Each structure stands twice: as C-alpha cells, then as structure tokens.
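Participant:
Protein chains: 2
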Amino acid sequence: MSGRLAVVGLGPGDARWLTPEADAALGDAEALYGYAPYLDRVPERPTQTRHPSDNREEAARAAAALAEAATGRNVALVSGGDPGVFAMAAAVCEAIERGPPAWRALDVAIIPGVTAMLAVAAQAGAPLGHDFCALSLSDNLKPWDLVERRLDAAAGAGFVLALYNPVSRARPWQLGAAFERLRRHLSPTTPVVFGRAVGRSDARVSVTTLQDADPGAADMATLIIVGSAATRVIARPGRAPLVYTPRSATEAGA
Amino acid sequence: MSGRLAVVGLGPGDARWLTPEADAALGDAEALYGYAPYLDRVPERPTQTRHPSDNREEAARAAAALAEAATGRNVALVSGGDPGVFAMAAAVCEAIERGPPAWRALDVAIIPGVTAMLAVAAQAGAPLGHDFCALSLSDNLKPWDLVERRLDAAAGAGFVLALYNPVSRARPWQLGAAFERLRRHLSPTTPVVFGRAVGRSDARVSVTTLQDADPGAADMATLIIVGSAATRVIARPGRAPLVYTPRSATEAGA
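Protein chains in written order, with the working numbering: chain R, 1 to 254; chain B, 255 to 508.
(1) Since Val329/B and Ala285/B should fall inside the 8 Å C-beta cutoff, what is the C-beta to C-beta distance between them, to a whole number of angstroms?
(2) Taking Ala349/B as part of the alpha helix (DSSP H), name the residues at either end of that continuous run.
(3) The beta strand (DSSP E) with Phe448/B in it runs from where to where?
(4) I'd like to know whether the C-beta of Leu146/R is nearer than 8 Å to at least one C-beta of chain B.
(5) When the cut-off is 8 Å and only beta carbons count, does Asp385/B lie next to chain R?
(6) Please check the pair Val207/R and Ala124/R, which I expect to be a contact at CB under 8 Å, by giving their CB distance rounded to whole angstroms.
(7) Answer yes or no: does any C-beta atom of chain B fall closer than 8 Å to that of Ala254/R?
(8) Tell me, please, whether the CB atom of Thr245/R is closer than 8 Å to any CB atom in chain B?
(9) Excluding sequence positions up to five away, which residues of its chain have a Cβ less than 6 Å from the Cβ of Thr190/R?
(10) Just how far apart, CA to CA, sit Gly176/R and Thr301/B?
(11) According to DSSP, is Ser183/R part of a helix, a strand, or is it coil?
(12) Within 8 Å of any Cβ in chain B, is that where the Cβ of Glu97/R sits?
(13) What residue range is occupied by the uninterrupted beta strand (DSSP E) comprising Asp107/R?
(14) Check each residue of the stretch 72-86 of chain R: if its Cβ is closer than 8 Å to any Cβ of chain B, include it; give the result in chain order.
(15) If we count Cβ pairs, one from each stretch, closer than 8 Å, do we get three or more for the stretch 15-25 of chain R versus the stretch 273-285 of chain B?
(16) Run through DSSP, which three-state label would Pro237/R get?
(17) So, does the stretch 31-44 of chain R touch the stretch 68-83 of chain R, judging by three or more C-beta pairs under 8 Å?
(18) So the alpha helix (DSSP H) Arg150/R belongs to, where does it begin and stop?
(19) Looking at chain R, which residues of the stretch 404-427 of chain B have a Cβ within less than 8 Å of any of its Cβ atoms?
(20) Is the stretch 113-127 of chain R close to the stretch 410-425 of chain B, with three or more CB pairs under 8 Å?
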C-alpha cells in the first residue's frame with residue numbers, strides 16, 4: 001500500500017481564502033503536520049492525529065510527514081499562504097532528495113494557495129499589476145550580500161518588489177538596510193505598502209513612501225510591497241487610496 | 255445608494271481553486287463582466303446579467319463595469335488566476351484614475367486568487383521555492399528592450415523566472431528570443447517547466463532544460479518557469495520528476 005503526502009496551502013488568514021482542493025485534502029488526511037499556529041487553523045477531527053511543530057523546524061517536519069506517509073498513511077502537511085512560496089514545498093523536496101529511495105515512490109501532491117503578496121496587493125489595489133519580484137529578506141539561509149545584489153537588480157530594472165520575512169526577533173536590522181539599499185535606485189516618493197496579518201481579524205494595510213517607510217512598523221506577520229517608478233497612488237475621498245502599477249511600461253518609466 | 259465593483263480572481267482552470275470569497279462575490283453580483291472564456295466558467299443565474307467581452311478589451315471592460323457599479327448596482331468583473339497579476343485589477347485602477355470623480359467613491363474590492371505560476375509550480379514541485387520574478391513577455395504594452403533588460407537583471411541575480419504571456423498569434427518570436435537571452439546567463443542544463451492549461455482537463459506539465467526548451471511548445475495558455483543555477487530536478491521511478499529551488503542559497507549557487 002502506497003502512502004500519500006499532500007502539502008496544503010491554507011492561504012493567508014481565514015477560511016475565505018482556503019480553496020476547495022485544500023479543504024478536501026485536509027478532510028481526507030489521517031495525520032496532520034504543521035507549524036502549530038497554522039495547524040490551529042484546521043478544524044479538529046477525531047479520526048486524525050495532529051503533529052504540531054515549532055517554527056524553523058521545516059526540515060524535521062518535512063521528514064516526519066514523509067516518514068509517516070511511507071508507512072502507507074494519507075498525510076497532510078499544512079503551510080500558510082502557498083506552500084511553494086518561501087514555505088514547506090521546497091523543504092519537502094529537499095527531504096525527498098536526501099531521504100531514503102522509498103520516499104521518491106510516494107504520491108506527493110502540492111496544493112497551491114493564495115500567497116501573502118497576492119492578498120496584500122488585493123487589499124491595496126494592484127501594486128503587482130506589472131512585472132515584479134518576490135524576495136525573502138531572511139539571511140538565515142543566504143548571505144546578506146546576495147539579498148543586496150537582488151535588491152539592486154530588481155529595483156534597477158524596474159520590477160516591483162514583494163518582500164517576505166522582512167524582520168524577526170533575530171533579524172532586526174535587515175528591513176532598514178533593504179530600504180536604504182532601495183533608496184539608491186528609487187525616488188523618495190515611491191509607494192510602499194505594509195500589509196500586516198492580512199486575512200486575520202487584526203489585519204492592517206498601510207500605504208507610505210520609501211522616504212517615510214519605517215522598518216519598525218513591520219513584524220514577522222508583515223508583507224511589504226515596494227513599488228517601481230511606474231507605481232501610482234489614487235487618493236479617494238473617504239476611502240483608502242488605491243496603489244497600482246499600470247499594465248504598460250516605458251523605458252523612462254522603468 | 256452606492257454601488258460596488260468586485261474584481262474576482264477565478265484561479266486557473268476549474269472550481270477546485272475558486273476561493274469561498276470569490277464564490278460568494280460571484281453569487282452576490284447583479285451583473286457579471288469579463289473576457290468571454292472566463293465568464294463561461296461562472297454558472298448562470300437567472301437574476302444576473304452577463305456582459306462577455308473580447309480579449310484585449312480590458313480598458314473598455316473595466317470602464318463598463320465601473321459605469322454600471324456607479325448606477326448603484328453590485329457588479330463582479332471576473333479575471334482568470336489572480337486579478338492583480340497581469341490581469342484586470344490594474345485595468346480597473348487605470349480606469350478609476352482616468353474616469354469621472356464619482357468612480358473614486360465606489361466600493362471596489364479586489365478578490366485574490368491562485369495565479370498561474372503558483373498552480374504550475376505546484377504541479378512541478380517547488381521551482382518557486384526561493385526568490386523569483388514574474389515577468390510578462392508581451393511587448394504590446396512595453397518595449398522589447400525593457401523585457402530583455404529585465405531578463406538580464408533577474409537571471410543575472412539568480413532569481414527564478416515565471417514567464418507570463420509567452421506567445422500569441424501576434425507575438426510568435428518573443429519566447430525564443432527570451433530563451434536565447436537567458437542562455438547568456440544560465441547553464442544549458444537549467445531546468446525549465448512548461449505548464450499548459452493547468453487546472454483544466456487538457457492540462458500538461460513538462461520539464462526540460464534551457465538548451466532543449468522549444469518555444470513552439472508554448473501557446474497562449476502556457477506559463478513557463480525558468481530555474482536558477484540553484485534549481486534541481488529529482489528523478490522518480492514511475493512518477494514525474496520533482497523540480498525545486500532549495501530554500502538556502504549561496505553566492506556561488508546564485
């Protein structure tokens with residue numbers, strides 16, 4: 001009997017962004033694995049075992065879920081947002097490549113979800129309406145020099161930037177350094193969107209500029225979008241402004 | 255009485271990727287607008303009017319939907335994938351900025367969805383597991399020089415690339431030119447994923463290399479992911495290979 005591992009994207013925040021495919025995969029599972037706060041978002045079912053784990057334990061969590069699937073069980077590993085974007089799908093692939101050959105025979109399904117940048121962009125308007133990059137600011141898994149080189153390349157070529165993992169207790173200065181770096185390439189009035197806990201009851205989206213962007217306003221639950229030279233802000237009476245990047249671009253506007 | 259416009263992401267393909275929020279917005283609408291093949295995916299309801307339009311009519315479609323919302327109606331404008339990624343949300347913002355002041359007072363909601371690159375990545379493994387860029391190859395709305403500059407910047411800095419709008423009847427050579435350009439930066443063995451019609455019954459995902467990538471294998475319904483130097487392929491007996499980009503990166507691997 002062959003087991004199955006579904007790596008399930010819950011989307012950001014509440015159930016309104018959970019796809020039917022993800023919901024079905026959660027219902028079918030005999031065992032659930034995941035970072036504890038994500039697992040808490042999945043309703044308890046008496047027939048399922050639950051295996052919450054800490055943050056930063058991605059490799060061990062992936063291996064444990066694969067090992068249980070290899071015993072023939074139907075296992076779901078939950079991930080916030082989309083599992084393929086700075087989340088569990090890559091950790092599972094790494095574990096398969098390093099693990100026993102039997103893991104390569106398993107039925108592994110990645111169930112996509114709404115990733116944080118799409119949810120934040122939707123709240124703000126359409127800041128990702130033209131070419132953009134998604135970049136993790138965490139230097140736990142890559143050197144800071146490489147982060148800077150990518151900030152330079154993306155901003156210099158006119159990509160809008162979605163910044164994941166902007167800050168954590170162990171990484172307090174990286175976001176400020178990134179804003180400084182981006183100021184070399186972008187005008188002080190470039191729109192910047194802070195999206196915190198989007199999809200949750202305490203969600204907050206704010207729009208500022210690169211010159212006024214305060215790294216202290218971000219935490220681990222924040223996703224930041226930095227516009228390009230083409231990104232625009234529409235003021236609206238009695239409503240939040242709309243931030244968007246037009247569909248057309250010129251060399252000058254890039 | 256104030257109208258409402260919801261710009262609704264249907265996700266790619268079938269209903270398994272339609273979020274509950276999107277489903278509710280479609281059910282609540284009094285009028286539906288959209289590119290005809292997308293509108294065909296929404297079940298007919300006798301209480302709703304339907305206004306299909308052609309491709310390439312984004313600006314007129316956005317204006318028509320806003321004009322109807324401004325009469326006090328609840329209008330939904332449907333978009334494939336996520337409306338914020340090379341889709342209708344930016345067209346709506348453009349129309350609001352250019353349109354009558356009353357349009358700025360409207361309740362406009364962007365409903366996010368699963369965008370094509372997430373669905374294709376999920377089918378292939380986790381090719382977007384580290385920093386990546388999303389780039390439209392259409393030069394209808396930007397000069398080709400700018401596309402090349404962005405390909406250079408992204409590939410040169412080690413971003414994985416998701417290529418939207420790779421080809422159309424009016425744009426037959428752009429994808430081949432993009433592969434040629436990328437060969438300046440990337441090894442011939444760099445993994446390339448072609449995802450065609452993902453989410454539909456005729457979906458097809460194939461994995462090749464940059465040296466073997468055939469532009470003729472893509473059409474308008476294809477999304478292409480070009481790996482970085484770090485992207486890996488895991489062969490699996492009796493199963494499609496897994497393509498993934500590890501969570502950690504080094505300067506050398508970039």
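Where is the CB? At the ideal position from N, CA and C, for every residue including glycine. Treat the numbers as computed from the prediction; the structure is a model and nothing was measured.
Facilitator: The structure says:
(1) Correct: roughly 5 Å between the Cβ atoms.
(2) First-last of the alpha helix (DSSP H) with Ala349/B: Met342 to Arg352.
(3) In the DSSP annotation of this structure, the continuous segment of the beta strand (DSSP E) that includes Phe448/B starts and ends at Pro445 to Arg450.
(4) Among the residues facing chain B, Leu146/R is included, as its CB has a counterpart in that chain under 8 Å away.
(5) Taking Cβ atoms only, chain R reaches closer than 8 Å to Asp385/B, which makes this a yes.
(6) The pair is a contact, with the Cβ atoms about 7 Å apart (cut-off 8 Å).
(7) Bear in mind that a pLDDT of 44 at Ala254/R, under 50, signals an unreliable position, so the model cannot answer this.
(8) The beta-carbon of Thr245/R is placed less than 8 Å from the nearest beta-carbon of chain B.
(9) These residues qualify, in order along the chain: Leu210 and Gly227.
(10) One Cα belongs to Gly176/R, the other to Thr301/B, and the distance between them is close to 52 Å.
(11) Residue 183/R is actually Arg in this sequence, not Ser. It is helical.
(12) True, the Cβ-Cβ gap to chain B drops below 8 Å.
(13) Boundaries of the beta strand (DSSP E) harbouring Asp107/R: Asp107 to Ile111, taken from the DSSP string.
(14) The stretch 72-86 of chain R vs chain B, Cβ under 8 Å: Asp82, Pro83, Gly84, Val85 and Phe86.
(15) As far as the Cβ criterion goes, the stretch 15-25 of chain R touches the stretch 273-285 of chain B, which means the pair count is three or higher.
(16) Coil at Pro237/R, not helix or strand.
(17) With a cut-off of 8 Å, the stretch 68-83 of chain R and the stretch 31-44 of chain R count as touching, because enough Cβ pairs lie within range.
(18) Membership of Arg150/R in the alpha helix (DSSP H) is indicated by the continuous run Trp144 to Gly156.
(19) Within the stretch 404-427 of chain B, the residues whose Cβ lies closer than 8 Å to some Cβ of chain R are Arg404, Asp406, Ala407, Ala408, Gly410, Ala411, Gly412 and Phe413, listed in chain order.
(20) Touching, no, given that fewer than three Cβ pairs across the two stretches are closer than 8 Å.
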